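Each residue of the sequence shown is one higher than the one before, counting from 1447 in our numbering.
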Amino acid sequence: MIRLAVVGCGHLGRIHARLAAAAEAIELVALVDPVEAARNAVAADLGVAALATVDELPADLDAAILAAPTFLHEELGLALLERGLHLLIEKPLATRSAEANTLVAAARAGRRVLQVGHVERFNPALDAAKDRLTDAKYIEARRYSGYTFRSTDIGVVLDMMIHDLDVVLSLVDSEVVDVEALGVAVMGEHEDAATARLKFANGCVANLSASRISYERMRRMQVWTPVRFAALDFDTGTTKLV
């Protein structure tokens, strides 16, 4: 039985907490959030402790899920790793690569598992196709949604496009040699719509677009190889192979 805490009781934190509470192999012990109303609402529903800071967590935990705002990931992640906890951090891992490297180094030093919530890695659409797309030459990805007023501390690249970047890098076993990108901020200081073109050393090209101010919702990717075409729909978890 894994004794678990969830840190952050926003939209994703509430989802993690409810799923953890329903899992047979997990004992959800505590929820942490500095906002009293947020933590109490979820904790009362699930019958677990509601705490204001990670310093209040009991010593006999095994792991934690960190679903706080991204700018707090390094600080809170290090605090949880220093307590000897295995850690799942909601994507993105951090706002900057230096912060991410610090978290990785701390996890390695403590021999703890550090995982990032790249959920599309486990999507049935990708699982069904990835072994047949090892020689991708061209990839298109489109990920759109309406504005949710969440994750406003980061832009659409770290909020949404990061999923497709992760999938593309898992499909193309080659070094990125060039990146062209453009982003536009509409609702705040960070980009709400963005496009990116990645060129790889092996000749593969990936075009990605993401928007969180779209009228329509879409989570789709198309992949071309010399012998095969695949259309992946991450929303429905389905793939069409030709």
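A virtual CB, placed ideally from N, CA and C, is assigned to each residue, including glycine.
Only a predicted model underlies this, so the values are computations on that prediction, with no experimental measurement involved.
- In the three-state DSSP reduction, Asn1569 falls in the coil class, being neither helix nor strand.
- As summarised for the segment 1596 to 1640, the continuous beta strand (DSSP E) elements at least 3 residues long and confined to that stretch are 1622 to 1630, given in chain order.
- The straight-line gap separating the alpha-carbon atoms of Leu1492 and His1519 is approximately 25 Å.
- Residue environment for Lys1537: buried (at least 16 other C-beta atoms within 10 angstroms of its C-beta).
- Residues Gly1629, Ala1631, His1636, Glu1637, Asp1638, Ala1640 of the same chain have their beta carbon placed closer than 8 Å to that of Gly1601, with the five preceding and five following residues left out of the count.
- With a contact defined as Cβ atoms closer than 8 Å, Asp1610 and His1564 miss out at about 10 Å.
- Around the beta carbon of Glu1545, a 10 Å sphere encloses 16 or more other beta carbons of the protein chains shown; the residue is thus reported as buried.
- C-alpha of Asp1501 to C-alpha of Phe1595: approximately 29 Å in a straight line.
- Here the C-alpha atom of Arg1643 lies approximately 21 Å from the C-alpha atom of Lys1576.
- Proximity of the segment 1467 to 1477 to the segment 1523 to 1531 falls short of the contact definition, fewer than three beta-carbon pairs being nearer than 8 Å.
- Contiguous beta strand (DSSP E) elements confined to the segment 1479 to 1550 occur at 1495 to 1497, 1509 to 1512, 1532 to 1535, taking only those with 3 or more residues.
- Exclusion of the five residues before and after Phe1646 leaves Val1618, Ser1620, Glu1621, Val1622, Val1623, Ala1652 as the residues of its chain whose Cβ lies within less than 8 Å of its Cβ.
- Arg1578 places its beta carbon 8 Å or farther from that of Arg1666.
- In this structure, Val1453 lies near Val1478, with their beta-carbon atoms less than 8 Å apart.
- The beta carbon of Ala1489 sits closer than 7 Å to those of Leu1477, Ala1495, Ala1496, all from its chain and outside the five residues before and after it, given in chain order.
- Within the model, the alpha-carbon separation for Leu1450 versus Lys1583 is close to 42 Å.
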